[in-house]
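Under this note's numbering, think of the first position of the sequence shown as 1420, with each following residue one higher.
What follows is a single structure, written as structure tokens, with notes after it.
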Amino acid sequence: MVRNTNSRRSKIVLKYNEKNATEVITDDMAGFTWTDCASGEADTISLSLNNKSLKWIKGGWFPQSMDFIKMNISVSHWRYQSDNRTVYCGKFAVDTLDASGFPNTVDIQGISIPIHTSFNVTMRNKTYKKTSIRSILSEIASRADIKLVFSADNHKISEISQDGKTDMDFAFSLCGDYDLGMKVYNGKLVVYDQTVYEKRKKSFALDISDLGESDAYRFSRRVSQVYDGVRLQYENKDGKKITYRYVVPGKKGKRILFISTSADSHADAERIAKAKLAENLRQSITATFKVMGDPKYQACKVFELTGFGKFNGRYFIDKAVHSKSGAYRTTIQCHRCVTNIK
């Protein structure tokens, strides 16, 4: 790698209610955090501001209930000369303001979900019949006044009940049953096939030599999460108990995950069983890395890990936490890709 001889710089670029607010906010900036999640929870930002003049709790700068922030992270001459990049973090509803003193400071937190709708609040009892995953998620997105972006097979569903769950929790649960990832990003409900994403071409490589600080990495291997296959028992429409069994190619089938649940058909049982098997296997090898900050570290990306012996391989980023309070750092939470379930 060519050494960077220019001044390495990182900054955030902000719009507040569509107005350029970069200078106004960064002049008071003490630090920021952007948490980028692949699935299962909302993306968030946190802006830590000096509030010496108390402007953030007075007059026009005090956040209103419908305010939102759009944020970018920009780097200049980062890895090498003229390595200039910008990543768009998304649109965030201003959710929380914490003011404290002394010294006078303010923390403003934003969240990617539509908090001004019933999406994460109303516990709904509803039954969906003769429909599909896409149709259900489209209805949920419409209620939340956001657009659905769906990149997966559209599985048919004869009947499913949303028993006292919020739309957000029900959507996450439904997607999980069919090996789909889901996140709310930039005013969109984004749904994708988890396994397909894990088979994508790697975005970058990470070697042990790229890590230099103490507490830079942590691996966790859980033998209890490793299975050779799965057996799912379900009851068909006639009340007869049916069993679906699957063994991962090349495995002996000595350690089988057992599941008892409902399924519309044998094909539906197969999809649910393989999704639960993949979910467990993804928890068997996980890792956390603390590295020099870089916009390229984003949730849902696949990278190649080297220099760590038996832990080498392809990994999927479950969460990337970008923060700056002095130095710009990124914490990567990831799991080894599971691509051997056919």
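For each residue, glycine too, the CB sits at the ideal point set by N, CA and C.
The structure displayed is predicted, hence computed values, not measured ones.
(request) Pick helix, strand or coil for F1589, following the three-state DSSP scheme. (result) helix
(message) Can you list, in chain order, the residues of its chain with a C-beta nearer than 6 Å to that of A1624? Leave out the 5 residues immediately preceding and following it.
(response) E1723
(request) Measure the alpha-carbon distance for K1660 versus K1695 and round it to whole angstroms. (result) 19 Å
(request) Could you pull out every residue in the same chain whose Cβ sits closer than 6 Å to the Cβ of I1555, ignoring the five residues on either side in sequence? (result) Y1547
(message) Which of the three DSSP states is assigned to C1475 in this structure?
(response) Checking the displayed sequence, the identity of residue 1475 turns out to be Trp instead of Cys. Reduced to three states, the DSSP call for W1475 is helix.
(message) Excluding the 5 residues flanking R1428 on each side, which residues of the same chain have their C-beta closer than 6 Å to its C-beta?
(response) S1495
(message) Less than 7 Å between C-beta atoms, sequence neighbours within five positions excluded: which residues of the same chain meet that for P1482?
(response) V1513, L1516, I1527
(request) Grab me the residues of T1705's own chain with a C-beta within less than 6 Å of its C-beta, minus the 5 sequence neighbours each way, in chain order. (result) S1639, H1754
(message) Closest to D1647 by C-alpha separation, out of D1634, E1654, V1666, G1658, would be which residue?
(response) V1666
(request) Could you please give the first and the last residue of the uninterrupted alpha helix (DSSP H) stretch that includes Y1604? (result) Y1604 -> not in any alpha helix (DSSP H); beta strand (DSSP E) instead, spanning 1599-1604.
(request) Go ahead and pull the three-state DSSP assignment for R1553. (result) helix
(message) If contact is defined by three or more beta carbon pairs under 8 Å, each pair taking one atom from either stretch, is the segment 1579-1594 in contact with the segment 1535-1546?
(response) yes
(request) Report the three-state DSSP secondary structure of L1696 (helix, strand or coil). (result) helix
(message) Taking its Cβ as the centre, do 16 or more other Cβ atoms sit within 10 Å of H1741, making it buried, or is it exposed?
(response) buried
(request) Would you give the residue range spanned by the beta strand (DSSP E) that Y1747 belongs to? (result) 1746-1755
(request) Work out the CA separation of G1520 and V1610 for me, nearest whole Å. (result) 42 Å
(message) Between which two residues does the alpha helix (DSSP H) holding Q1652 run?
(response) No alpha helix (DSSP H) holds Q1652; the beta strand (DSSP E) holding it covers 1648-1654.
(request) Can you tell me which of the three DSSP states R1690 falls into? (result) helix
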